Amino acid sequence: MSTFVVQTSHLTKRYGDHIAVKDLSLNVEKGEVFGFLGHNGAGKTTTIHMLTTLLKPTSGTALVCGKSITTDSLEARRHIGYVPENVRLYDTMSARSNLRFFAKLSGVEDADRRIDETLEFLDCRDLAPRLVGSFSKGLRQRIGLAQAILHRPDVLFLDEPTSGLDPMGIKTLRDLIVRLNREFRTTIFMNTHLISEISRTCTSIGVLNQGELVFRDTIEKVTARYGSESSLEELYLSVTPVQTQGAA
Amino acid sequence: MVTAHSTSRIGLLTGHSLAALMRERTVALLGLLFLILVIVSAYLGWSATSTVNAIYLRSAEYMSAQGQTLPPNPVLDTSPLALLRNMATYVSLIGALAAIVIGHQLMSAERKAGTMPLLGSRPMRPADLGIAKSLALIVAIAALVIFAALINTATFLALPEFRLDAIGWLKLAAFYGASGLYLLVFGFLGLWFGASAKSETVGLLIPVTIWLTLTFVLPQITSNINPVAALNPVSALAEPPASAFFQITGWALGSLSLAEAYRIISAQLLDFLPANYIDRAAIPAAVSLFVAALGFAGLAARAIGRMDMTKGDYDA
Amino acid sequence: MRELIQPVLTIAGKDIRDALKDRFILLMTAFLLVASLVALTVAAIALKADVATYIEAKAGLIALGKDAASIPDPAFYPLKLLRGFVEHVEIIGAIIGILIGYRAAASERGRQTLALIVTRPIAQWQFLAGKVLAGTAIISAGLIIAFIVAGIAVTVISGVALSVDDIGRLAIVMSAAGLYAVAFFLLGFVCALWARKLPNALLLAFTVWLSFVLIAPQIGDTLDPDNQVAGGVFKQLQIAKPQQIEILQSFSTYETIRNGIEVASPTKHFERLSFAVLGIKDTYAGQPLMPILAEKSSDLVWLLAIALALSLLLFVRRLDPNRLSKE
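First to last, the sequence lines map onto chains Y, P and E.
When we follow the working numbering, the leftmost residue of the first sequence carries the number 394, and every step to the right adds one.
When we follow the working numbering, the leftmost residue of the second sequence carries the number 12, and every step to the right adds one.
When we follow the working numbering, the leftmost residue of the third sequence carries the number 286, and every step to the right adds one.
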């Protein structure tokens, strides 16, 4: 059996004349923390939307845990967890009610026990009875992460997970991602445009520029070749020469 | 196994949608207004019938003093069920508006919560959300209709002079069935635009405009019923002028004129249809309502199936 | 003086341009026009059917040997054709008023620009006056178009040119319609400005609309004993008008309550005034204008009072900074 959790082949998404993702062929191995780097509008979110089956590709194929995102999307969804950028939950419900609802939708049998374990893991058990509407952005992000890992997915998709968080929040989240990867062997697929995040969290990176994959390697090799974080920044700028802003 | 899972997921989504609906104050306000009008409708029927009876008795005194022959009392001609004739108007006014709001809210609450991407990435069949929302709509409307039926049943039990026989009770039950069906037409309309409209306001206003057309414009074209007359259960059943125009429009557009179709069915079931009334529509009224409810349900399901699951909230 | 007025005009000008881009306001106004034309056409067709019946009956009577001169000609008042049109203005005009009012506040709240405006050196009343001015201008423009179209349609359909008196009557009804729609504009505006959640404001305004435009007149109409029996209770009992009045005197309390419910509705005031001025109600058909106006001035005063009360409510209350955002 293939060790790839994400496999895409010539994956393309067009909106009229605009090509958001072009001919993307990318493999992510089980257990990797993959950082998907690119400018705003490079096509990172569109890629995640396709891989989480929210969006149908125009052409090409993609397998998530061996299941096609188009022909077997229901099965593919059993293996994934997803935290959108600025995740939103039901504000008028408590954290526990939100999590119970999503756990059951994901087919978790003993939802309450699993919620307790998950909140324990995320170090936020005290949040359970509180209304989500009263949460700060950081706390909401924590419950957003909880809803995505309740069913212990094989792969977790994170779209700009640290967006809008304060430095403390960013550090906490980063630690959680690393722990999640180590303790549950969850593969992480993370969109970001922050190089600092990549160097501290990821085991491999891909760089997307104007919808095309322009670089793909492990962090180990990259740092061996380029050294420090500032060199990583130089690498990034050298493979993404055109600064364009547009829709993701 | 898969089916059992799907069923439990649909049940979960339905329950969740209903719970969210109950938290909405505007829905509660409209539902309450509808139930108040159900009580008012029984009072209006009782009060107006008593007044006509009193006028008859007063006129009878006057006429016998003049030595004139007494015509029969019009009240004796009317069935006790006709006491509720205003229900037909209130169902098609506030009931329909409440149904639109309920249908719309079932989708807009989900969209505004911003949780569509979280639902879309769960292992559900594409149709599950549509089925759950439709079920929630049916349960909510059934609750509204059952409440109204209970209030009306209590009214009949409390007024011994308006006694119903077995057929009367059956007709009353059928009236609530027809009312539920009529409300579902508008509920599905609300659901459809709640799912498909780009902005929350437009999603509410398009169904309201369709409701206005059905209630006030089409009856005018098919039967020369002016808007205000369309609100009165008796005046709305006036004969159209004897003209080829109304024969043709009545035949061709009558089937689309759902407010009229519902009025005819209600008048038949509540015994206030004038004896000489002829339904000129090409398709029987009940068939029109069924087709409309099914059609809108289909369009709502399609719209929900085609929703952009990547988006959290409305654009505007 | 110019300093006081300039900001008001600036806000009004921007708001008018903004409202004209709102597809839904345009759509509803077009809907009112279409519904009105349908009402007029249908009324004309119904009238033609009545005329045909009359001619047939007349021919029958002449054939029976009756003298043609002794059969009275039916009186024809073209303005009577406007009944359906006036009723559409009652229902849809009120909705358009609400929508324009709602939009006036919602456009600022949705874009969160209200905070940008109220932090400028302008008084709150200037901001509100600008909005009200814009709303009134848009409503007036819509109604002027609707009434011109209706006037032309009546002329074309009936083949009788409207007299100066007729046009004067139309202008009076149009002004009353303006006042009526502005009252609903204020309702929509106040709701959207103050509601905690914006879409709830629209629902709240619609609930008020439903209660006062449809339900209150409906209750009044239904309680009218004459509407309880097809064709009218007195007609069925074959009782003449003077005796009807005498009999109804014993039901004065009932009638007072019934009338009270109708009077609570601005719609009924607008309808009573318009139906009298246009001669749609039979007792007023062909009557001179001045006595009608004198009799119906109380309806006009009611409409004014409702609009003024809502304006007062709007201008007296301070804007709440917590209501400056969308949610």
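Glycine included, each C-beta is placed from N, C-alpha and C at the ideal position.
Since the structure is predicted, the reported quantities are computational estimates derived from the model, not experimental observations.
If you compare the alpha carbons of E:Phe474, E:Val493 and E:Asp605 with that of E:Arg388, the shortest gap goes to E:Phe474. Looking at the backbone, the Cα of E:Ala525 and that of E:Met313 are separated by about 45 Å. Y:Asn602 is positioned such that its CB atom lies closer than 8 Å to that of Y:Gly431.
Contact of E:Tyr362 with chain P is not assigned, every C-beta pair being separated by 8 Å or more. Per the C-alpha coordinates, the member of P:Ser90, P:Tyr67 and P:Asn97 positioned closest to P:Ile47 is P:Asn97.
Under the 10 Å beta carbon count, Y:His411 is surrounded by fewer than 16 other beta carbons and is classified as exposed. In this structure, the straight-line span from the alpha carbon of P:Gly214 to that of P:Thr37 is close to 16 Å. At least 8 Å separates the CB of Y:Arg523 from every CB of chain P. When CB distances to chain P are screened at a threshold of 9 Å, the residues of the stretch 294–322 of chain E falling below it are Arg308, Phe309, Leu312, Met313, Phe316, Val319 and Ala320, in chain order. For P:Tyr101, the enclosing alpha helix (DSSP H) stretches over residues Arg96 to Tyr101. Within chain P, the C-beta atoms nearer than 7 Å to that of E:Thr492 come from Leu40, Leu41 and Leu44, in chain order. By the CB criterion at 8 Å, E:Phe361 and E:Leu325 fall outside the cutoff. In terms of beta-carbon proximity, Y:Gly500 lines the interface with chain P, with at least one pair separated by less than 8 Å. Cβ neighbours of P:Ile217 within its own chain (closer than 7 Å, five residues either side excluded): Phe204 and Ala208.
For a Cβ distance threshold of 7 Å, residue set Ile532 and Ser535 of chain E lies close to P:Arg69, ordered along the chain. Contact residues of the stretch 238–253 of chain P toward chain E are Pro238, Val239, Leu242, Asn243, Val245, Ser246, Pro252 and Ala253 (C-beta to C-beta distance below 7 Å).
Within the stretch 399–480 of chain Y, the complete alpha helix (DSSP H) runs of at least 4 residues fall at 437–444 and 466–471. Taking C-beta separations shorter than 7 Å and ignoring five residues to either side along the sequence, the partners of E:Ala391 in its chain run Ala477 and Leu483, following chain order.
Contact residues of the stretch 113–130 of chain P toward chain Y are Ala124, Gly125, Thr126, Pro128, Leu129 and Leu130 (C-beta to C-beta distance below 8 Å).
DSSP lists no bridge partner for E:Phe470. Bounds of the beta strand (DSSP E) holding Y:Asn584 are Thr580 to Thr585.
Chain-ordered, the chain E residues with CB closer than 7 Å to the CB of P:Phe256 read Ile330. In this structure E:Gly564 is buried. Its beta-carbon is surrounded by 16 or more other beta-carbon atoms within 10 angstroms. In the DSSP secondary-structure assignment, Y:Val548 is bridged to Y:Ile473 and Y:Thr580.
Taking 4 residues as the minimum length, the alpha helix (DSSP H) runs contained wholly in the stretch 520–566 of chain Y are 530–542, in order along the chain. Proximity of E:Ala590 to chain P, defined by a Cβ-Cβ separation below 8 Å, is not satisfied. Between the alpha carbons of Y:Ser527 and P:Ala169 lies a distance of about 49 Å.
Taking a Cβ-Cβ threshold of 7 Å, the residues of chain P close to E:Gln528 are Tyr73, in chain order. Each of Y:Gly424, Y:Thr463 and Y:Leu498 was checked against the Cα of P:Ser19, and the nearest Cα belongs to Y:Leu498. Chain P has no Cβ within less than 8 Å of the Cβ of Y:Ile542. Residue pairing by DSSP places Y:Gly599 opposite Y:Phe429 and Y:Arg609 in a beta bridge. Inclusion of Y:Thr594 and Y:Glu425 in the CB contact set at 8 Å is not warranted, their separation being larger than that value. Annotation: the continuous alpha helix (DSSP H) that includes P:Lys144 extends over Pro137 to Ala169.
P:Ala99 sits close to P:Pro244, with the two beta carbons spaced by under 8 Å. Around the beta carbon of Y:Val548, 16 or more other beta carbons lie within 10 angstroms, which makes this residue buried.
If the five residues before and after Y:Lys460 are omitted, its C-beta is found closer than 6 Å to the C-beta atoms of Glu468 and Ala469, all from its own chain and listed in chain order.
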